[in-house]
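Note sheet for the following structure.
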Amino acid sequence: MADFDSSALNASATARLRDTAKWLVGGVTATAVGILAGSSLTRLGSLDFVETPGRLSLVIAGAALGFGGLAWILDRALAVVTVESFSFETFVRSGDPQHEEVRDAVAKRLGRLPGGVADLDALLAKVEAARKSESDPESNAFLEDYRTYRAVFLPEVAFANVKAKFDRLIGAIRFGTPVAILGLGLYAWAANPPEPKPAAAGPGPLVVIGPQEVTATQTVRACPPARLRHCPTPTPEPSPLIDK
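Taking the numbering used here, the leading residue of the sequence shown gets 371, the next gets one more, and so forth.
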């Protein structure tokens with residue numbers, strides 16, 4: 371009963387991790403789509419390596435960074451949501467470094483191995499030897515102990531395997547999301563060069579006008595009457611040479 375409860379709890383926890391991974395990836399993807407949707411790419415076709423080599427290089431670099439970051443996150447997410455089917459033997463002998471790390475951690479947490487062996491590889495070797503002599507009571511007892519251990523080990527290792535993948539997904543989101551946003555932002559900026567400034571207006575064209583016939587009309591205007599100023603007549607003084 372205890373093994374059944376442990377298996378059910380591990381299965382529920384694994385399903386929750388997969389659901390969380392879907393929500394996280396959905397949020398990152400929505401952010402990237404929002405950046406692209408908010409930028410106009412109508413002038414992207416005007417870029418080339420002849421007139422605008424710098425901007426076109428930034429467009430390519432930004433797209434590589436942005437979509438590379440998203441691809442990294444999606445790859446980690448797919449590893450989480452993918453359901454792996456494996457047996458005890460295939461998981462222990464898979465040769466995958468991640469599987470080896472997970473199996474050793476679970477074996478250490480569960481404690482003593484059946485038959486008093488040193489590690490899981492030795493356990494499998496002893497199981498194969500015991501299956502060849504199932505008529506031996508000691509071998510049957512060992513195989514029964516092994517089946518009990520396997521029933522506990524597999525749910526534990528399945529959850530630990532998904533948890534390890536989920537931890538790598540979190541690392542990819544922490545580093546891949548800023549890279550993706552930066553790259554897509556650079557791509558959107560470089561793909562929209564500013565409008566060319568209009569040329570400064572120069573002097574207008576010189577218009578040469580040929581000789582034309584002009585008719586002059588004389589206008590007679592009445593002059594206002596002149597105003598005379600009154601000046602007093604000066605009184606002459608007697609000459610000093612006149613003899614009185």
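All residues carry an ideal CB built from backbone N, CA and C; glycine is no exception. The structure displayed is predicted, hence computed values, not measured ones.
Closer than 7 Å by C-beta to residue i: which residues in its own chain qualify, once you throw out the five before and the five after it? Chain order, please.
i: Phe-458; result: Arg-520, Phe-523, Leu-524
i: Ala-528; result: Asn-380, Thr-384
i: Val-487; result: Leu-493, Lys-496
i: Thr-422; result: Pro-563
i: Ile-405; result: Ile-551, Leu-554, Gly-555, Ala-558
i: Glu-470; result: none
i: Gln-468; result: Ala-534
i: Ser-616; result: For the chain, the structure presents residues 371 to 614; residue 616 sits outside this window and is missing.
i: Val-450; result: Leu-387, Arg-388, Ala-391, Val-532, Lys-535, Phe-536, Leu-539
Run the CB neighbour count on residue i, radius 10 Å, all protein chains shown included, and call it buried at 16 or more, exposed below.
i: Lys-392; result: exposed
i: Met-371; result: With a pLDDT of 38 at Met-371, under the threshold of 50, the modelled position of this residue cannot be trusted, and the question is left open.
i: Pro-484; result: buried
i: Phe-419; result: exposed
i: Val-403; result: exposed
i: Leu-448; result: exposed
Just confirm the distance between the C-beta atoms of residue i and residue j, as a whole number of angstroms; I'd bet it's less than 8 Å.
i: Ile-542; j: Arg-388; result: The identity of residue 542 in the sequence shown is Ala, whereas the question assumes Ile. Not quite, the Cβ-Cβ distance comes to about 16 Å (not below 8 Å), so this is no contact.
i: Gly-439; j: Thr-547; result: 7 Å
i: Leu-480; j: Glu-526; result: 7 Å
i: Ala-407; j: Ala-475; result: Ala-407 to Ala-475, Cβ: 43 Å. No contact.
i: Thr-401; j: Ile-551; result: 7 Å
i: Ala-534; j: Val-472; result: 6 Å
For residue i, tell me which candidate among the options has the shortest Cα-Cα distance.
i: Leu-539; options: Gly-396, Ser-382, Ala-378, Ala-402; result: Gly-396
i: Ser-377; options: Asp-506, Thr-518, Phe-545; result: Thr-518
i: Arg-386; options: Ala-558, Asn-562, Val-532; result: Val-532
i: Thr-452; options: Pro-467, Phe-545, Phe-536, Gly-465; result: Phe-536
i: Leu-556; options: Tyr-516, Gln-468, Val-429; result: Val-429
i: Trp-559; options: Gly-424, Val-398, Thr-390; result: Gly-424
i: Pro-564; options: Leu-417, Phe-437, Phe-456; result: Leu-417
i: Ala-441; options: Ala-499, Glu-454, Thr-399; result: Thr-399
i: Ile-443; options: Ser-464, Gln-468, Leu-394; result: Leu-394
Grab me the residues of residue i's own chain with a C-beta within less than 6 Å of its C-beta, minus the 5 sequence neighbours each way, in chain order.
i: Leu-435; result: Val-549, Gly-553
i: Phe-512; result: Gly-485, Ala-500
i: Thr-390; result: none
i: Asp-373; result: Only weak support exists for where Asp-373 lies, its pLDDT of 44 falling under 50; the coordinates are left without a value.
Check whether the Cβ of residue i sits closer than 7 Å to any heavy atom of the ligand COA, and report yes or no.
i: Arg-388; result: As far as ligands go, the structure on display features none, and thus does not contain the ligand COA.
So, for residue i: in the same chain, excluding its five sequence neighbours on each side, which residues have a beta-carbon less than 8 Å away from its beta-carbon?
i: Ala-477; result: Leu-483, Asp-489, Leu-490, Phe-523
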